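Read the structure below first, then the notes.
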Amino acid sequence: MSYYADSEYVEDSNTPWYKALKLMPDSLKLLDVGCSSGNFDEVVIDRKRAIVDGIELNKKDAAIAAKKLRKVFNFNIETDDLSALDTDYDVIYLGDIIEHLVDPSAALKRLKELLNKKGTVVFSIPNMAHISVRLMLLAGKFEYGNTGLLDRTHLHYYDKAEIERVFHTAGYKIEKLDWVSRDIPKELLDTELKRIGLKANETFYALAKDLDAGAYQYIGKAVPVSGPIAEKPRPSVSPAIDTFEKHLADMRKSYEDDVHRLEQRNSEQINVLTAKINDYEKSTSWKVTKPLRKVSKIVRKVGS
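Quick note on the working numbering: the sequence shown kicks off at 141 and runs consecutively.
Here it is as structure tokens:
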């Protein structure tokens with residue numbers, strides 16, 4: 141079984157399953173992509189009077205889920221033929237699935253064909269910009285785990301802006317975006333920063349509680365749209381270190397250009413001087429004084 145097969149629904153408003161359930165209508169027909177052992181779907185069936193189909197790659201999890209759901213398919217939504225699935229689902233649920241996909245926008249486009257005209261996608265995605273990851277990176281570490289934000293099977297990492305890009309690229313509008321918060325107490329922040337020789341101030345404490353740093357997972361609802369959605373362009377240079385490297389490269393090129401200009405200028409001056417010398421050596425005065433120069437060399441040699 142997978143590491144997620146034993147997950148259980150908790151009646152807690154600060155959990156992803158609780159928030160996802162709130163985004164689903166009653167009496168719905170649901171496709172759960174990555175349904176695992178079907179524990180969440182049991183709750184959806186009971187609370188929402190739902191018909192639920194599932195897709196699950198882990199065969200052991202799928203076998204368990206098949207006892208709870210109407211149908212379970214052992215499909216890869218990115219590469220397999222999906223024609224066996226219905227095309228009138230009210231909701232497609234992607235619970236912590238998008239970060240495992242090679243090309244999430246392409247997969248979302250494929251899933252559009254399985255929704256009815258008023259269908260929606262409900263999703264949850266871990267937030268890579270959470271303060272716990274930031275503290276880890278400050279300490280010079282990046283440790284994968286079997287589950288959680290740094291699940292070793294994640295292929296892409298997301299913050300809020302990247303989630304919006306992925307859905308917009310696939311032709312969806314995000315109608316609602318909620319989040320599960322995981323604050324880190326000041327005392328723990330102080331302890332972790334002290335380990336690496338840093339000290340927090342009030343600005344840092346506020347930043348750690350900000351949505352972008354405090355959200356552990358984003359939970360949302362997206363709907364397909366027919367027209368184009370204006371996308372926020374990606375920066376040409378992203379991390380600050382890349383900006384610094386570009387600055388160094390620009391400086392290096394500037395110095396090289398200066399050296400080239402100086403070499404070219406010196407070369408031109410040398411050519412001018414050489415031409416003047418050649419002209420002088422061809423002059424009458426140079427030829428007339430040639431015997432005197434010979435005598436001068438003999439005198440200097442005897443004197444030495």
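Heads up, the beta-carbon is just placed ideally off N, CA and C, and yes, glycines get one too. Model, not experiment: these values are computed from the prediction.
Buried or exposed for residue 260, going by 16 or more other Cβ atoms inside 10 Å?
buried
Using a threshold of 8 Å, state whether the C-beta atoms of residue 142 and residue 198 are closer than that.
yes
Judging by CA-CA distance, which residue of 163, 399, 222, 256 is the nearest neighbour of residue 319?
163
What do you reckon, are the CB atoms on residue 222 and residue 254 nearer than 8 Å?
yes
Applying the 10 Å Cβ sphere with the 16-neighbour rule, what's the burial state of residue 282?
Of the residues assessed, residue 282 falls on the exposed side of the cut-off, its CB having fewer than 16 other CB atoms within 10 angstroms.
With three or more beta-carbon pairs closer than 8 Å as the criterion, would you say the region 332 to 341 touches the region 302 to 321?
no
Please list, in chain order, all residues of the same chain as residue 345 whose beta carbon is under 8 Å from its beta carbon, the five residues on each side excluded.
326, 329
For residue 361, the three-state DSSP class (helix, strand or coil):
strand
Helix, strand or coil for residue 263? Go by DSSP, reduced to three states.
strand
Have a look at residue 184 and residue 258 and give me their C-alpha separation to the nearest angstrom.
19 Å
Does DSSP put residue 307 in a helix, a strand or coil?
Residue 307 falls in the helix class under three-state DSSP.
Can you name the start and end residues of the beta strand (DSSP E) that residue 321 belongs to?
That run of the beta strand (DSSP E) goes 312 to 321.
Cβ of residue 232 within 8 Å of Cβ of residue 251?
yes
Note down, in chain order, each residue of its chain lying with its Cβ closer than 8 Å to the Cβ of residue 239, except the 5 sequence neighbours on either side.
265, 266, 291, 294, 295, 296, 297, 298
Would residue 168 pass as a contact of residue 230 if the rule is Cβ separation under 8 Å?
yes
Quick one: complete alpha helix (DSSP H) runs, 4+ long, within the region 185 to 213?
199 to 205
Coil, strand or helix - residue 173 by DSSP:
DSSP places residue 173 within a strand segment (E or B) once states are collapsed to three.
Given a cut-off of 8 Å, decide if residue 180 and residue 149 are closer than it, judged by their beta-carbon atoms.
yes
Whole-Å CB distance - residue 321 paired with residue 354, under 8 Å assumed:
5 Å
Beta bridge counterpart(s) of residue 289 as assigned by DSSP
Looking at the DSSP assignment, residue 289 forms no beta bridge with any residue, so it has no partner.
Please list, in chain order, all residues of the same chain as residue 323 whose beta carbon is under 7 Å from its beta carbon, the five residues on each side excluded.
Excluding its 5 nearest sequence neighbours in each direction, residue 323 has C-beta neighbours in its own chain below 7 Å: 349, 354, listed in chain order.
CB of residue 361 within 8 Å of CB of residue 262, strictly
yes
Against chain C, does residue 403 count as a neighbour if the rule is that its beta carbon must be under 8 Å from one of theirs?
Protein chains in the displayed structure number just one, and chain C is not present.
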